[in-house]
Amino acid sequence: MLALRQHFAARQHEVLALTCALVEAESPSGDPEGSAEVVSLIAKAASGISGVNSVERFANENFGEHLAVRAFANEGNSRSIMILGHTDTVHPRGTIKERPWRTAGNRIYGPGIFDMKVNCAVALEALRACEAVGLQTRSAVTILLTCDEETGSPGGRPLVEAEAKKSRAVLVLEPPASGGRAKTARKGTGMFTIEVQGRAAHAGLDPEKGVSAVLELAMQTVRLHELNDPQAGTTVTVNVVHGGTHSNVIPAEAHAEIDLRFTSADEGAKTERRILTVAPFNPEATINVHGGINRPPLERNQSVKSLYAHARALASLLDFDLGEASVGGASDGNFVGALGVPVLDGLGVQGDGAHAAHEHILCDDIPTRGALLAALIATL
Ligand SMILES: [Zn+2]
Numbered sequence: 009m010l011a012l013r014q015h016f017a018a019r020q021h022e023v024l025a026l027t028c029a030l031v032e033a034e035s036p037s038g039d040p041e042g043s044a045e046v047v048s049l050i051a052k053a054a055s056g057i058s059g060v061n062s063v064e065r066f067a068n069e070n071f072g073e074h075l076a077v078r079a080f081a082n083e084g085n086s087r088s089i090m091i092l093g094h095t096d097t098v099h100p101r102g103t104i105k106e107r108p109w110r111t112a113g114n115r116i117y118g119p120g121i122f123d124m125k126v127n128c129a130v131a132l133e134a135l136r137a138c139e140a141v142g143l144q145t146r147s148a149v150t151i152l153l154t155c156d157e158e159t160g161s162p163g164g165r166p167l168v169e170a171e172a173k174k175s176r177a178v179l180v181l182e183p184p185a186s187g188g189r190a191k192t193a194r195k196g197t198g199m200f201t202i203e204v205q206g207r208a209a210h211a212g213l214d215p216e217k218g219v220s221a222v223l224e225l226a227m228q229t230v231r232l233h234e235l236n237d238p239q240a241g242t243t244v245t246v247n248v249v250h251g252g253t254h255s256n257v258i259p260a261e262a263h264a265e266i267d268l269r270f271t272s273a274d275e276g277a278k279t280e281r282r283i284l285t286v287a288p289f290n291p292e293a294t295i296n297v298h299g300g301i302n303r304p305p306l307e308r309n310q311s312v313k314s315l316y317a318h319a320r321a322l323a324s325l326l327d328f329d330l331g332e333a334s335v336g337g338a339s340d341g342n343f344v345g346a347l348g349v350p351v352l353d354g355l356g357v358q359g360d361g362a363h364a365a366h367e368h369i370l371c372d373d374i375p376t377r378g379a380l381l382a383a384l385i386a387t388l
């Protein structure tokens with residue numbers, strides 16, 4: 009473990025150089041050029057590692073490319089483990105100009121650095137570390153990086169699931185919870201759009217002839233929020249609202265986006281049904297709801313617990329107490345968990361501010377995280 013940590017400490021400069029290049033090549037979800045640029049940088053870095061057997065790029069229309077880096081395949085090991093991550097970010101193009109790469113003591117700031125460009129670089133370095141330290145891995149390794157994770161992985165999901173089915177274990181490099189804790193449970197998610205049709209009328213001359221889609225949507229919003237059940241771990245929130253045309257017109261149209269989170273599949277299905285079947289308050293308004301559950305919950309089952317216990321034991325050899333957390337955010341790890349494949353999430357480098365302006369990593373965590381990841385690769 010100490011040799012692995014020393015390897016990462018000695019290679020910190022190279023890991024950060026690749027991370028910086030990845031951060032500066034902006035890749036918001038749905039930006040095919042940005043995605044291809046980042047994937048090219050990672051593919052090039054991967055091709056310089058001798059244990060790498062192949063680098064595959066998968067085109068995904070309107071998003072860019074997913075990437076699979078396969079390593080350590082040999083006749084003796086038919087088993088494989090997957091390191092799972094993503095190359096897209098939530099930061100629109102141009103963010104790098106407003107908030108450039110910046111070091112302040114132990115912190116490095118940059119859009120998408122924590123979620124999760126640094127971890128793309130750390131994953132590759134973990135392969136190199138295993139070789140450098142002379143570890144004989146027991147399994148082949150596939151690093152799979154999707155390009156649409158931040159939008160719910162519409163294109164990445166089949167790849168993640170196909171690869172997970174071939175894997176003995178999946179290590180997800182999403183950012184850890186505070187204090188560096190691994191994520192052993194995640195809520196499932198649903199996304200919906202509610203569309204309301206009313207009737208336009210002059211707001212001053214004959215408002216009574218109109219049917220306000222905005223009023224109807226406002227009432228629906230209140231009703232949807234009543235579906236929240238903190239005890240059961242269910243949240244329903246209306247987070248984007250659009251409606252109306254002019255200040256002097258009773259609005260004929262309004263729509264909103266609804267976010268659903270839940271901890272059990274049953275509770276999710278029940279709430280999904282309620283959202284999809286809301287009835288209008290005003291019988292003259294029409295309502296259309298579409299969408300649904302898109303990620304199942306990642307439940308803390310026995311295989312998750314065992315994998316966590318194994319990682320925790322390895323971390324203790326680095327004098328690091330790997331805690332665990334249950335969180336509301338979903339990741340591609342949710343798809344893996346639903347297949348019953350052992351999965352451990354939140355193994356990325358520590359930091360804070362995912363999706364926010366103060367997004368940063370803690371540099372001195374790179375050698376510890378890197379060593380832990382490499383040790384997991386070598387022992388699973
Ligand atoms: Zn992420």
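Using our numbering, you'd call the opening residue of the sequence shown number 9 and step up by one each time. All residues carry an ideal CB built from backbone N, CA and C; glycine is no exception.
For the 8 angstroms CB-CB criterion, H254 and V244 do not form a contact. Annotation: the continuous beta strand (DSSP E) that includes A148 extends over A148 to T154. H74 has F66 as its beta-bridge partners, per DSSP. Counting every other CB atom within 10 Å of its CB across the protein chains shown gives Q144 a total below 16, marking it as exposed. Rounded to the nearest whole angstrom, the CA to CA distance from R13 to R282 is 51 angstroms. In the three-state reduction of the DSSP assignment, E22 falls in the helix class, which pools H, G and I. For S161, the CB stays at least 7 angstroms from every heavy atom of ligand 1. Contiguous beta strand (DSSP E) elements confined to the region 74-161 occur at 88-94, 110-112, 115-117 and 148-154, taking only those with 3 or more residues. S35 carries a coil assignment under DSSP once its states are collapsed to helix, strand and coil.
When the five nearest sequence neighbours on each side are left out, the beta carbons in the same chain lying within less than 8 angstroms of the beta carbon of P304 are those of G196, A273, G276, N342, F343, G345 and A346, in order along the chain. With a cutoff of 8 angstroms on beta-carbon distance, V46 and V357 are scored as not near each other.
Taking each of K125, L152 and C138 in turn and checking the Cα distance to R146, the smallest one comes out for C138. When only Cα atoms are considered, A17 and R231 end up about 54 angstroms apart. Bridge partners of Q205 according to DSSP: E261 and T294. Counted as a single uninterrupted DSSP element, the beta strand (DSSP E) harbouring T245 occupies residues T243 to G251. G361 is not bridged by DSSP to any residue. Residue range I374 to T387 is occupied by the alpha helix (DSSP H) that includes T387.
For D327, the closest C-alpha among the options V222, A193, G359 and T376 is that of T376. The region 305-331 contains, as complete alpha helix (DSSP H) runs of 4+ residues, the segments 310-324 (chain order). The beta carbon of S37 sits closer than 8 angstroms to those of F71, D96, T97, V98, C155, D156, E157, E158 and T159, all from its chain and outside the five residues before and after it, given in chain order. A direct Cα-Cα distance of roughly 34 angstroms separates H15 from E307.
In this structure, the alpha-carbon of D123 lies about 38 angstroms from that of L223. Below 8 angstroms, too few C-beta pairs join the region 332-339 and the region 283-299 to call them touching: fewer than three.
Looking at I374, L381 and T387, the one whose alpha-carbon comes closest to that of N114 is I374. By the Cβ test, the region 196-216 is in contact with the region 249-263, since at least three Cβ pairs between them sit closer than 8 angstroms. Judged by DSSP in its simplified three-state form, M199 adopts strand. The alpha-carbon of S314 is positioned some 45 angstroms away from that of H263. In this chain, the beta strand (DSSP E) harbouring S175 covers S175 to V180.
Under the three-state reduction of DSSP, D214 is assigned to coil, being neither helix nor strand.
Spanning the alpha carbons of K278 and E265 requires a straight line of approximately 19 angstroms. Under the three-state reduction of DSSP output, L347 falls in the coil class, being neither helix nor strand.
Taking C-alpha positions only, D360 is separated from H250 by approximately 31 angstroms. Comparing alpha-carbon positions, the option among A226, F270 and K217 lying closest to G241 turns out to be F270.
If you compare the alpha carbons of A221, L10, T285 and V178 with that of L235, the shortest gap goes to T285. The criterion of a C-beta distance shorter than 8 angstroms is satisfied by T294 and Q205.
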